[in-house]
Every structure is written in C-alpha cells, then in structure tokens.
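Protein chains in written order, with this note's numbering: chain A, 1 to 333; chain B, 334 to 587.
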C-alpha cells in the first residue's frame, strides 16, 4: 500500500520537475501570486491603490537593472558593477544638464552613451583579458563608483536644477486610483522588448547557447566574444535607462544612491528562475523576481514585521530559488 | 589521378614545449571514408582541429579542391563547406533540436518581420530539421522541438551528424562519433556515416574503435608521433597489423 503511494508521489514530483524545467517562470509566478494573496489577507491596506503604486515605484529601479543583469547571467556571467554604472550615469546626465544647460534629450543620450561604454569596458575585459566576470565587475564596480564620487564631488544634484525630461520617469498618471510612474511603464516596455529579442532573434539564441556551453557555441560557428561584448554593452545601456528611472524616483541625482542595487538586481534575477550557471531563464522571470522582493518587503512591513526579518525572508527566498534551480537542472529524459 | 578534395601538407602545431603535429600530411579523396587512427597523443585531434578551423597550424598548408585555404575560425571552415562533428558534440543542451541544427546560421522570417524585427523562422527551421532527420532515417526522434538535454547519447550524436550532413557541402569530419555510445546506438551512427558518404560527401572519421574503423573505412590513415605513419587499405591489412603500426611495433608495408 505504502509503496504504491510512494510511487505516485514520485511521479507527481517528477512531473512538476519537468514542467518547471520547460517553463522556469512558472515557479516564481506562483510564488508571487501566493504571496500577494497571503499579504492581502494579512493586511487590508496591502491591495489599496496607494500601496500598489508604492510597490511598483520601489521595484522600477531594481527591476530595470535586473533586465540588464538577466542577459549577463544568461551568458553564465554576473555583473556586480550595474549599480555603479547606474549611479555614475545618473550623475553624468544630471550634472552635465544642470551645469552646462544642455537640454534634456542630449543629456539623456549622453548618459545612455556613458552607460554603454561602461558596459563595453566590462565586455572587453571579459572577452579580451579572459578574466572571470565576477572579478572584472568587482573591479569596475569600484572604478565606476570612484569616478562617480570624483565627478560629482560627492554632491547631490537637485531635481529643480535639471531639465524636466530627466525627471519624467517619476511623473505619474492614474489608472483606477493607482498612480503609476512612467518609470514603471518604461520597465514593462523594456522587459517586453527584451523578451521578444531573446525569444525571436538569432542573437537571443546565441546568448542562451553561449551561456549554456561556450565551447560548443564557438565550435558551432557563433562568434561568442562578439555575443558577450554585445551583451555587456546592452546591459550597460539598460543600466543607463535605470539611471533615468532612479533620477525620477528620488527627484535628484545622488552619488550615494543605489548602493545595494547591484545585489538586489542579482536577487531579482535568481528568484525569477534564471540560472546562475547560464543558458536558462527568462527576463519576465526577473521582473517577477523583483516584484516578489518588493511584495515581500512591503507586505511584511505592513504586517508590522521588523526590517531585519524582511531581509531574512529575502535571504531565504534566494537560497530556495537556487536550490530549486539545482534540482530542476537534474531533470532526466 | 584525381585531386584530393581535402589535402594537408606539413602541418605543424606546437603548444608551448609540446609538439602535437610535427609535419603531418593528409589526403581525403572524393566520395571516400578516410579513417584516422592513432594512439593517444599522436596528434589526431590537433590534425582535425587544424582542418576544421578550431586551431590555426603554426606551419603547413591546407588545400581544398587543390586551392590553398586558411581557416582562422570554425566558421571559416564551415563557410568553405567543411562540417565537423566534435567529440564534445558542440550542441547546446538547453536549446531544442531544430535550434541546434541551425545554431549559428538561423533562418529569418521573410519580409519586414525578418529584415527589421530580425524574427526567426521557427516553423521553417523545425520543418527543415524534420526533413533532415527523416532523410538520414533518424526515426527515433519524434519532435524537433524537444530540448537536446532530454535526448540519449546516441540521439544527440544523431543530431550532431544530421547537422553536419545537412550543411556540409564538401567534407564531413567526425571525431570519435561512437566513443560514448552503446552497441545499438553505435550501429545506428555507423549506418549514418555510410549514408552520408553514399550521399556523395566524403567523411574523415577519427576513432579508437578498430572494429568500427574496419567496418566502414575505405582507407585508414595511421597517425603516429605527430606525423602520418602510413595509409593502409582495410581489406589488405589486418586489424592487429594496423594497431602494430600505430603503436610502432611494426613498420608499415612497402
């Protein structure tokens, strides 16, 4: 009797493993849904329009960083410098505009250029010097952060000194009582565009296959160095978009902003079901991962739980997510 | 005399102090299966890598249809019509079969979707993958949309061979295609190799497995100490003699 039950259990578990293997985003989506329901039951304020818009605003910056982080992690890399690139870029955009009177659009484009160049530098170090991405971006994290302190003179630039375009991402419009920032919309558009590119273009496939097996991809005729270079540069550009969202969010440009955002973006990607070993995952998952972190922090805060337990909850989530990934990878034919 | 379709003369490849190829030659004639055998460290892999563009030889020349060619990447060799099935298979496990067949040369949709939005022609690639697998009689694979990591070793090998056969226009090189396979799977892959030749594509087969080599090869190239020691006819030389030449226990005939 017990033997039969055991067997059925095992086959059910194997089936779950197969489903998760085919669709890595299902796991995080279920977690998000369940946590929303639980927190809504715990606090009646959780699902109010005001609170939802707060969560969306809190998630926008890290979520945008996570889009760039996702493509880097898909190639079996990691980018610790994303936060530093974002802050440096935000300072460049804001300071150039406020000091030289450069209009908003050129200032923004200059920021995009700076972000792309920073990403390109990471990519060159990874592909030419063949250094591990962890070390490269640990180094450039400090380099970019120092450049940011130097250029900003450690001073915050007030929003009132900037052209309004740079603050546009913090502007809101109202849908059914919920105020939504343009920064959140930008994030959703970015995720949709990246999801499309990853799924439907040869470049997207090459990103996955480079992370899956670098040597096999090279032997298959993929210019893997070029793929990696383009991934890091694109990620840099996306961090510059995150810089724009950051300026709108805090209505200023601060050289001390986003100190832990690099790790938060990795957290979002990992919780979102993308494998740190590369080749597996989806950018939609990272958005969901960022939302899960936002919902957990916000929901626990509303339930009156101390900040330290919120942090612990996120820590546990990371470990659960990575264990799940390890298990899914062991799927049998 | 017909010109060899692929010819290498005096290939040298050094890795630091180690000389992997010490002036190696090779000739592949049209429509034949040329087996390359040799002990570990005889330079088989380096020879094949030099022919497939995976490494650039320090000295020597490669001729394709009598014309000198130089490959600096595997892509160059592929463009010239030389397809290689690597021992490591060079497949991307998390991608599906069709995606692997077309890895590095994906088809795009027609019209604006392809040219502006760079969209892949998924259906087209699946259909073509199905056709290629069928043409080689690989019936065990049902669905080209299946992820490669869910396939058995023999099926993965079949995918790699199908890819080479589908795109190779001049030469197919196979590095230890049966090394990791069981008896039945090996059988299927050997049949595939014969089929590829019967379609008119000459094959270079690197293998440690003497029965397999003697079963399918038209000629056997014996590599020893970084050089070509001999080329023998499997119909006139015994398996034990070939091994003796390979290990240096016997000098080649004539």
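Cβ atoms here follow ideal geometry from the backbone N, Cα and C, with glycine treated the same way.
- At a cut-off of 8 Å between beta-carbon atoms, residue 25/A makes no contact with chain B.
- Measuring C-alpha to C-alpha distances from residue 354/B to each of 342/B, 380/B, 364/B, 409/B identifies 380/B as the nearest.
- Against chain B, the beta carbon of residue 221/A has neighbours under 8 Å at 406, 407, 408, 411, 436, 437, 438, listed in chain order.
- Residue 39/A and residue 315/A do not touch by the CB rule: their CB atoms are close to 18 Å apart, not below 8 Å.
- If you look at residue 353/B, you'll find it in the beta strand (DSSP E) that goes 351-361.
- For residue 202/A, at least one C-beta of chain B is nearer than 8 Å to its own C-beta.
- In this structure, residue 489/B keeps its C-beta atom at 8 Å or more from the C-beta atom of residue 477/B.
- The beta-carbon separation of residue 414/B and residue 556/B, rounded to 24 Å, does not stay under the 8 Å limit for a contact.
- By the neighbour-count definition (other C-beta atoms within 10 Å, threshold 16), residue 111/A is a buried residue.
- In this structure, 295/A is the residue among 295/A, 324/A, 263/A with its C-alpha nearest to the C-alpha of residue 54/A.
- Secondary structure at residue 328/A: helix, using DSSP grouped into helix, strand and coil.
- Assignment of residue 507/B by DSSP, reduced to helix, strand and coil, places it in the strand class.
- The beta carbon of residue 245/A is closer than 6 Å to those of 60, 61, 64, 169, 183 in its chain, skipping five residues each way along the sequence.
- Going by DSSP, residue 172/A is part of the beta strand (DSSP E) stretching over 172-175.
- By the neighbour-count definition (other C-beta atoms within 10 Å, threshold 16), residue 85/A is a buried residue.
- Taking 8 Å as the CB threshold, residue 285/A stays off the interface with chain B.
- If one requires a minimum length of 4 residues, the alpha helix (DSSP H) runs lying completely within the segment 39-88 of chain A are 49-74, in chain order.
- At least one CB atom of chain B sits nearer than 8 Å to the CB of residue 279/A.
- Under the three-state reduction of DSSP, residue 554/B is assigned to strand.
- Residue 20/A counts as buried, since no fewer than 16 other beta carbons sit within 10 angstroms of its beta carbon.
- Inclusion of residue 511/B and residue 372/B in the CB contact set at 8 Å is not warranted, their separation being larger than that value.
- Excluding residues up to 5 positions away in sequence, 76 lie with their Cβ nearer than 7 Å to the Cβ of residue 277/A in the same chain.
- Segment contact: the segment 281-292 of chain A against the segment 188-208 of chain A, three or more CB-CB distances shorter than 8 Å; contact assigned.
- Annotated as distal: residue 142/A and residue 88/A, with beta-carbon spacing of 8 Å or more.
- Annotation for residue 465/B: the continuous alpha helix (DSSP H) segment containing it runs 455-468.
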